[in-house]
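What follows is a single structure, written as structure tokens, with notes after it.
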Amino acid sequence: MHTRKSIVRSTFHALICTAVLSAVWAGSTPPAHALDCSVPLKAVGPIDPANGFPLYYQDSTRLALRPCLDAVCGGAGFVLPDPNLPLSFPGNFPVAVVYWRAISKMTVGTISVVYVSALEGSFANGVQALPGDQVVFSRIRIRIFGATPGGTYTVTHPYGVEVLTADGFGTVNFTQDSPRIPVGLGGPALAFGTALSVGRVGPFLRAVAPVPPPGLIGNPAANQTVTGSPCGTNILRVEGPGFPVGGQQTDQFKPLVGRRHPICGDGFLDAGEQCDDGNVLDGDCCSSTCQLEPNGIPCQDGDACTTGDTCSAGTCIGGPPPNCDDGNQCTADSCDHALGCQNLAQPNDTPCDDGQPVICSLPYTCQEGLCTAGGGDMDGDQVCNDDDNCPPAFFRAGAAERRPDHPQGNLPDGPERGPVQRRRGHLGPGAGRPRARLHRLVESRKVRGLGHEDPLPERKGMAAGHLLAAPVGTGPVRLLHLSLSSRPPRNAAGTRDGRHQARGQHRSGGDARRVRAVDTRRDGPMPRPCTAPDFLNTRAA
Numbered sequence: 005m006h007t008r009k010s011i012v013r014s015t016f017h018a019l020i021c022t023a024v025l026s027a028v029w030a031g032s033t034p035p036a037h038a039l040d041c042s043v044p045l046k047a048v049g050p051i052d053p054a055n056g057f058p059l060y061y062q063d064s065t066r067l068a069l070r071p072c073l074d075a076v077c078g079g080a081g082f083v084l085p086d087p088n089l090p091l092s093f094p095g096n097f098p099v100a101v102v103y104w105r106a107i108s109k110m111t112v113g114t115i116s117v118v119y120v121s122a123l124e125g126s127f128a129n130g131v132q133a134l135p136g137d138q139v140v141f142s143r144i145r146i147r148i149f150g151a152t153p154g155g156t157y158t159v160t161h162p163y164g165v166e167v168l169t170a171d172g173f174g175t176v177n178f179t180q181d182s183p184r185i186p187v188g189l190g191g192p193a194l195a196f197g198t199a200l201s202v203g204r205v206g207p208f209l210r211a212v213a214p215v216p217p218p219g220l221i222g223n224p225a226a227n228q229t230v231t232g233s234p235c236g237t238n239i240l241r242v243e244g245p246g247f248p249v250g251g252q253q254t255d256q257f258k259p260l261v262g263r264r265h266p267i268c269g270d271g272f273l274d275a276g277e278q279c280d281d282g283n284v285l286d287g288d289c290c291s292s293t294c295q296l297e298p299n300g301i302p303c304q305d306g307d308a309c310t311t312g313d314t315c316s317a318g319t320c321i322g323g324p325p326p327n328c329d330d331g332n333q334c335t336a337d338s339c340d341h342a343l344g345c346q347n348l349a350q351p352n353d354t355p356c357d358d359g360q361p362v363i364c365s366l367p368y369t370c371q372e373g374l375c376t377a378g379g380g381d382m383d384g385d386q387v388c389n390d391d392d393n394c395p396p397a398f399f400r401a402g403a404a405e406r407r408p409d410h411p412q413g414n415l416p417d418g419p420e421r422g423p424v425q426r427r428r429g430h431l432g433p434g435a436g437r438p439r440a441r442l443h444r445l446v447e448s449r450k451v452r453g454l455g456h457e458d459p460l461p462e463r464k465g466m467a468a469g470h471l472l473a474a475p476v477g478t479g480p481v482r483l484l485h486l487s488l489s490s491r492p493p494r495n496a497a498g499t500r501d502g503r504h505q506a507r508g509q510h511r512s513g514g515d516a517r518r519v520r521a522v523d524t525r526r527d528g529p530m531p532r533p534c535t536a537p538d539f540l541n542t543r544a545a
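Sequential numbering of the sequence shown, starting at 5, is according to the numbering used here.
Here's what the structure looks like:
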């Protein structure tokens, strides 16, 4: 019998809830919003045993508001059943319990507009305070009087945009409330939770100017500008018949009702708090309980251009700036306060100097963030220019030291080796003479024995980007790039990724390191006879 009664009672409650919900939505104008940008409220506080309503509601910015139960907060709108008696529940308690309310009005000619957004408590019976009959709901209401019958009006407000049609009397009456369910019927979670789950109010608007009285988020008796719209529209604007082209708008709200409930993390310093930085995180100099954290502990001040930040009296103090110098004169070194060190390439052709004295080169310039040698050559006429004066039996490679056995600066003879001469359109041998291979140095100080057994004449001061010639038989001319990059795996042919390998010696400070020359397969004629764009950029050691 007990189980059967429970089932009947539950069914009865469910039917009543359905009826209440149907009545709520049937009594409101059907939703017609073209845009809803509201952010749901974040939390509802515990039940206040003094009156059965939630102690507070909190929005997404952590601002918590409690019921407005006095004339200072509620202004002229706060009325007790018996003004001569003190507040008491349920004997002398208002039917309307306001947590938050913002109203804006506008008149254009004979047309008047009233906008209301609110979070309110009340009683389901709508007449008197009764225990178990408490409800809380959110509201968006727009009323236009004196409009053009059948006219379409677009209303922009802090929580969205509504497109509404006036009735035959020239009236727009739009109200959208969240469901109102008595706590005695649906329980606290349902009765007080619909404002969070389906309400269109949030976050709460707050006054900007004038400054509200202490403890309040607005002035109930003054026009004021507001902030907090999630759309960025802290205004009321109406467009449609009878309004100017582009509509008419106002940024004034009166009243703006709301009393703060002290809560850690809302950004307001309240009694019992040493600090309140608007969050409940540890490690930012203000603890999750709004107490100061010890001086000297590490923190992050949010500035990527400081290091070693530490707490001091509740504030995170930035340390010294980072060293953003990457040692490259072809990058502009700076620090972005959000991104940290930035090393952006200087514009191409910006002059640069790698610190080595130039023997034969056009000025060094920045190219794609690297200091790169210009053109020019020193050929048979011993003049640094681009005239390509190369005698048939003479080829000067790099800044080769003249050796007694090579007075002409020729490369050393050997099997299938000999002097290199100029031919039209490419470097190559004369009658019966071998061709030369050009090697481009990516990183080297001194180079010996590059690509063959016999050492080449020592080249002093060879630097990245320089070219030097070595006889390699009768094969086509190729550019070889020297680098110290990691080696790719060998393939079955004994080469790495199918590219020919050559070895050379890289000497720096007496320590020898292996360098690799990777054949780039650049076959065929060189772009200019006797030289290349950066051929023979020789430098003194």
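Every residue gets a Cβ at the ideal spot worked out from N, C-alpha and C, and that includes glycine. These figures come from a predicted structure and were not determined experimentally.
Checklist entry - Just reading off the beta strand (DSSP E) that A68 is part of, what are its end residues? => result 68 to 70
Next on the checklist: Buried or exposed, going by whether 16 or more other CB atoms sit within 10 Å of the CB of T160?
Outcome noted: buried
Checklist entry - Can you tell me the Cα-Cα spacing of Q253 and S121, whole angstroms? => result 17 Å
Next on the checklist: Taking a contact to mean a Cβ-Cβ separation below 7 Å, would you say C294 touches C268 in this structure?
Outcome noted: yes
Next on the checklist: Let me make sure I understand the geometry here. Which of P214, G250, L89, V242 has the alpha-carbon closest to that of S116?
Outcome noted: V242
Checklist entry - Are the beta-carbon atoms of G203 and S182 separated by less than 7 Å? => result yes
Checklist entry - Ordered along the chain, which non-local residues of its own chain (more than five positions away) have a Cβ less than 6 Å from that of A106? => result S121, L209, F257, L260
Next on the checklist: Quick check on DSSP: helix, strand or coil for G432?
Outcome noted: Reliability fails at G432, whose pLDDT of 33 lies under 50, so the model's placement of it is uncertain and no value is given.
Item to check | Paired residues, beta bridge with K109 - DSSP | outcome: V118
Checklist entry - Taking contact to mean at least 3 C-beta pairs separated by less than 8 Å, is the region 149 to 157 in contact with the region 168 to 180? => result yes
Item to check | Straight-line Cα distance separating M110 from T310 | outcome: 50 Å
Checklist entry - Within 10 angstroms of its Cβ, does D286 collect 16 or more other Cβ (buried), or is it exposed? => result exposed
Item to check | Cα-Cα separation, L374 to P351 | outcome: 10 Å
Checklist entry - For R463, does the three-state DSSP call read helix, strand or coil? => result No answer about R463 holds up, because its pLDDT of 39 lies below 50 and its placement is not dependable.
Checklist entry - Taking one C-beta from the region 94 to 104 and one from the region 74 to 85 each time, how about it: are there three or more such pairs within less than 8 Å? => result yes
Checklist entry - Considering only residues of the same chain and omitting the five flanking positions on each side of N129, which have a CB-CB separation below 8 Å? => result D137
Item to check | Pairwise C-alpha distance: I239 and A213 | outcome: 14 Å
Next on the checklist: Restricting to Cα atoms, I'd like to know which of I221, R264, S126 is closest to P94.
Outcome noted: S126
Next on the checklist: Does E1 pass the burial test, meaning 16 or more other C-beta atoms within 10 Å, or should it be called exposed?
Outcome noted: Here the chain has residues from 5 to 545 only, and residue 1 is not among them.
Item to check | Closest Cα partner of A225 within the set C77, D329, G49 | outcome: C77
Checklist entry - With burial defined as no fewer than 16 other Cβ atoms inside 10 Å of the residue's Cβ, what is the status of H265: buried or exposed? => result buried
Checklist entry - Which value, in whole angstroms, describes the spacing of the CA atoms of D340 and T231? => result 30 Å
Checklist entry - Rounded to whole angstroms, how far is the Cβ of G262 from the Cβ of L69, which I believe are closer than 8 Å? => result 5 Å
Next on the checklist: Taking the alpha-carbon of N332 as reference, which of R145, L348, P324, G323 has the nearest alpha-carbon?
Outcome noted: L348
Checklist entry - How would you call A275, buried or exposed, if buried means at least 16 neighbouring beta carbons within 10 angstroms? => result exposed
Item to check | Paired residues, beta bridge with Y157 - DSSP | outcome: L168
Next on the checklist: Tell me the residue span of the beta strand (DSSP E) that contains F178.
Outcome noted: 176 to 181
Checklist entry - For T310, which of helix, strand or coil comes out of DSSP? => result coil
Next on the checklist: Check this for me: beta carbons of V118 and A38, under 7 Å apart or not?
Outcome noted: no
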